[in-house]
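Q: One structure is given below, represented as structure tokens, and several questions about it will come after.
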Amino acid sequence: MATLKTNVLGIDFENPFILASAPPTAKIESIDKAFDLGWGGAVFKTITPDNLEMIEASQRYAAWKVGHRVCGFENIELLSHLTLQQWLDGIEFLRKKHPSKVQIASIMAPVVKQEWQNLVKTLNDTAIDAFELNFSCPHGMPEKGIGMAIGTSVEVSSMITTWVKEVAQKPVFVKLSPNVSSIVKIAQAVENAGADGFAAINTVQSLMGIDLDTFEPMPDVNGKTTYGGYSGMAVKPIGLRCVAQIRQNSNLPILGIGGISNWHDAAEYMCVGADVIQVCTEVMVNGYGIIKAMKSGLLDYLEGKGFASPADLKNRAIANLSTHESLDKTRRAHPEIDDSLCARCGHCVTVCDESEHSALSLVDGHIVVDRKACVGCSLCSHVCAKSAIRMK
Ligand SMILES: Cc1cc2nc3c(=O)[nH]c(=O)nc-3n(C[C@H](O)[C@H](O)[C@H](O)COP(=O)(O)O)c2cc1C
């Protein structure tokens, strides 16, 4: 029998699914409900010193949808609106009611040693299990010199990590930004400064779109907007890449985040090094209830593979990530057409022709592959509306 239990830096997780720092963890009552429904823990909406001004814009969200499905989500939201005292009371309430759930305090403060250390010292005396340093919010906060302004600088992120580690009595995870040319450089810098682990990724800086009648960008804040943070299914490949790159360069624990919408995504993150999974957008668009299928799906998968726990899955794909130069280029894949599914629309023929290779043709109602011309790129298999083409 497999278990979903896992242990990271001495912290016991009853399952590896926790809520990311975001609206689903902005209120104590909501976190209480999420714990009742089975989430293994929560990273609180980022806590700041009470005097840090937090005035929200409206609208603050925009979405890229395919049909009714939110695939990409942009926000220009700021941080927690609860006071520090409300968090202190909330943490105590949650610990009493949910003794086995993991509570992680996400924090951010101005770049002043005393401000960071005061926040940490106050939270040290609570029942939280760890800190997560938000060095990565891409909107609003960078204008004040914090958020992503910290996480894009090796010097500032190392300095603040050192300040925090001087006083923190709980493990310290640093939440990294994908909006850098090398996430590894920042990860290495904060690891050298004493970080105990990483959380990756925060949102990807974005501009959702422009209304072509009014020329107003989205999300529309009285006709204007600012660059926001992109999240949800669309960012999974970016998060997965970031986590893999961090894992290839560090053995510290990683809280994997970014576009995780089901157990399958979670398992992929684990394969590239994530110890625990955080979810935000999928919960915002579908509710806390998704945890049930996530837990049962991952457990079934682990059992099917003969793994005892999530720890057995960790890093399984890392050895298969390599440089382009070292990839085996001696063998080519070729498309195989399933005639029973093929609609004979000729779309694959057109795109193959117009994207360089001209290896497909429609002959007597069948798609024919010219193996000499085919380079095995796989484009045809991705554009087929009937999923009639498989690469072999
Ligand atoms: C509306 C919204 C608010 C967020 N607020 C915070 C925040 O306060 N602190 C933080 O560290 N990350 C914040 N995030 C980022 C998420 O924690 C997460 O890193 C990101 O959304 C990627 O995960 P996802 O694709 O599962 O949403 C926020 C994300 C969204 C969508």
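Count along the sequence shown from 1, add 68, and you get the number used in the working numbering.
We treat Cβ as the ideally placed atom computed from N, Cα and C, and that holds for glycine.
#1: Alpha carbons only, please: which of Tyr-337, Ser-89 and Gly-106 is nearest the one belonging to Glu-82?
#2: For Phe-85, which residues does DSSP report across the bridge?
#3: Just the Cα atoms here: how many angstroms apart are Leu-320 and Asp-406?
#4: Grab the span of the alpha helix (DSSP H) containing Ile-359 for me, first residue to last.
#5: Going along the chain, which residues of its own chain have a beta-carbon closer than 7 Å to the beta-carbon of Asp-333, five neighbours each way excluded?
#6: Round the Cβ separation of Cys-310 and Ile-251 to the nearest angstrom and send it over; I've been treating them as touching at under 8 Å.
#7: Check Thr-391 in the structure and name its three-state DSSP category.
#8: What are the start and end residues of each continuous beta strand (DSSP E) run of 3 or more residues lying completely inside the stretch 173-217, in chain order?
#9: Under 8 Å Cβ to Cβ from Ala-401, same chain only, skipping five residues before and after it: list those, please.
#10: Taking the continuous beta strand (DSSP E) assigned at Arg-458, which residues delimit it?
#11: With a cut-off of 8 Å, do at least 3 Cβ pairs link the stretch 123-135 to the stretch 77-93?
#12: I'd like the list of long-range same chain contacts for Val-134, defined as Cβ closer than 7 Å, with 5 residues on each side in sequence excluded.
#13: Could you work out which residue in Leu-367, Lys-238, Thr-398 and Met-286 is closest to Tyr-298 when comparing CA atoms only?
#14: Compute the distance between the beta-carbons of Phe-199 and Ile-228, then report whether it is under 8 Å.
#15: Over what stretch of residues does the beta strand (DSSP E) that includes Gly-296 continue unbroken?
#16: Just grab the DSSP bridge partners of Trp-107 for me.
#17: Candidates Tyr-295, Val-289, Ala-261 and Gly-262: which alpha carbon is nearest Ser-274's?
#18: Tell me whether the stretch 92-106 and the stretch 180-198 touch, counting them as touching only if at least three CB pairs, one residue from each stretch, are closer than 8 Å.
#19: Indicate whether Gln-313 and Ile-386 have their beta-carbon atoms separated by less than 8 Å.
#20: If I measure Cβ to Cβ from Arg-384 and keep anything under 7 Å in the same chain, skipping five residues before and after, which residues do I get?
#21: Candidates Ala-130, Leu-77 and His-207: which alpha carbon is nearest Glu-284's?
#22: Grouping DSSP H, G and I as helix and E and B as strand, with all else coil, what is Asn-397?
#23: Starting from Val-224, trace the alpha helix (DSSP H) in both directions and tell me its first and last residue.
#24: Given a cut-off of 8 Å on the beta-carbon distance, is the pair His-207 and Ile-269 in contact?
#25: Judging by CA-CA distance, which residue of Val-138, Ser-423, His-415 and Ile-159 is the nearest neighbour of Ala-110?
#26: Would you mind working out which of Gly-140, Ile-218, Gln-237 and Val-235 sits nearest Leu-244, comparing C-alpha positions?
#27: Over what stretch of residues does the alpha helix (DSSP H) that includes Cys-452 continue unbroken?
#28: Short check: CB of Met-216 to CB of Asn-247, under 8 Å?
#29: Give a yes or no on whether the C-beta atoms belonging to Leu-156 and Thr-114 are separated by under 8 Å.
A: Short version:
#1: Here residue 82 refers to the residue found at position 14 of the sequence shown. Looking at the Cα atoms, Gly-106 is the closest of the given residues.
#2: Looking up residue 85 in the sequence shown gives position 17. Its beta-bridge partners are Ile-345.
#3: What you label residue 320 is simply residue 252 of the sequence shown in a count that begins at 1. What you label residue 406 is simply residue 338 of the sequence shown in a count that begins at 1. Whole-angstrom Cα-Cα distance: 46 Å.
#4: Within the sequence shown, the letter at position 291 stands for residue 359. Run containing Ile-359: 359-373, per the alpha helix (DSSP H) assignment.
#5: One-based indexing of the sequence shown puts residue 333 at position 265. The answer, listed in chain order, is Lys-304 and Gly-327.
#6: Here residue 310 refers to the residue found at position 242 when the sequence shown is read from its first residue. Here residue 251 refers to the residue found at position 183 when the sequence shown is read from its first residue. Going by Cβ atoms, the distance from Cys-310 to Ile-251 rounds to 5 Å, so yes, they are a contact pair.
#7: The residue given as residue 391 occupies position 323 in the sequence shown. Judged by DSSP in its simplified three-state form, Thr-391 adopts coil rather than helix or strand.
#8: Within the stretch 173-217, the complete beta strand (DSSP E) runs of at least 3 residues fall at 198-202.
#9: Here residue 401 refers to the residue found at position 333 when the sequence shown is read from its first residue. Excluding sequence neighbours, Ala-401 sits near Gly-444, Ser-446, Met-459 and Lys-460.
#10: As a working note, residue 458 is residue 390 in the sequence shown. Looking at the DSSP string, the run of the beta strand (DSSP E) that includes Arg-458 is 457-459.
#11: no
#12: Residue 134 sits at position 66 when you count from the first residue of the sequence shown. Nothing listed; no residue qualifies.
#13: Numbered from its first residue, the sequence shown carries residue 298 at position 230. When each option's Cα is compared against that of Tyr-298, the closest is Met-286.
#14: For the purposes of this step, residue 199 is taken as residue 131 along the sequence shown, with counting starting at 1. For the purposes of this step, residue 228 is taken as residue 160 along the sequence shown, with counting starting at 1. No, the pair does not count as a contact, with Cβ atoms beyond the cut-off.
#15: Indexing the sequence shown from 1 puts residue 296 at position 228. Run containing Gly-296: 296-299, per the beta strand (DSSP E) assignment.
#16: Taking the sequence shown and counting its residues from 1, one reaches residue 107 at position 39. Its beta-bridge partners do not exist; DSSP assigns none.
#17: Position 206 of the sequence shown, counted from the start, is the residue given in the question as residue 274. Checking every option, the nearest Cα to that of Ser-274 belongs to Tyr-295.
#18: Taking a cut-off of 8 Å on C-beta distances, the stretch 92-106 does not touch the stretch 180-198, as fewer than three cross pairs fall below it.
#19: As a working note, residue 313 is residue 245 in the sequence shown. As a working note, residue 386 is residue 318 in the sequence shown. No Cβ-Cβ contact shorter than 8 Å links Gln-313 with Ile-386.
#20: Taking the first residue of the sequence shown as 1, we reach residue 384 at position 316. Only Cys-339 meet the Cβ criterion.
#21: As a first step, residue 284 must be located in the sequence shown, where it is residue number 216. Minimum Cα distance to Glu-284 is reached at Ala-130.
#22: Here residue 397 is taken as the residue at index 329 of the sequence shown, counted from 1. According to the sequence shown, residue 397 is Lys rather than Asn. In this structure, Lys-397 counts as coil in the three-state DSSP scheme.
#23: If you number the sequence shown from 1, residue 224 lands on position 156. 222-235 is the span of the alpha helix (DSSP H), which, as asked, contains Val-224.
#24: On the sequence shown, position 139 is the one that residue 207 refers to. On the sequence shown, position 201 is the one that residue 269 refers to. Their beta carbons are not under 8 Å apart, which means His-207 does not touch Ile-269 by this criterion.
#25: As a first step, residue 110 must be located in the sequence shown, where it is residue number 42. Of the listed residues, the one whose Cα sits closest to Ala-110 is Ile-159.
#26: What you label residue 244 is simply residue 176 of the sequence shown in a count that begins at 1. Cα-wise, what sits closest to Leu-244 is Ile-218.
#27: Taking the sequence shown and counting its residues from 1, one reaches residue 452 at position 384. No alpha helix (DSSP H) holds Cys-452; DSSP gives it neither H nor E.
#28: Counting from 1 along the sequence shown, the entry for residue 216 is found at position 148. Counting from 1 along the sequence shown, the entry for residue 247 is found at position 179. Against a cut-off of 8 Å, the Cβ pair of Asn-247 and Met-216 comes out as a contact.
#29: Taking the first residue of the sequence shown as position 1, residue 156 is located at position 88. Taking the first residue of the sequence shown as position 1, residue 114 is located at position 46. Contact flag unset, no.
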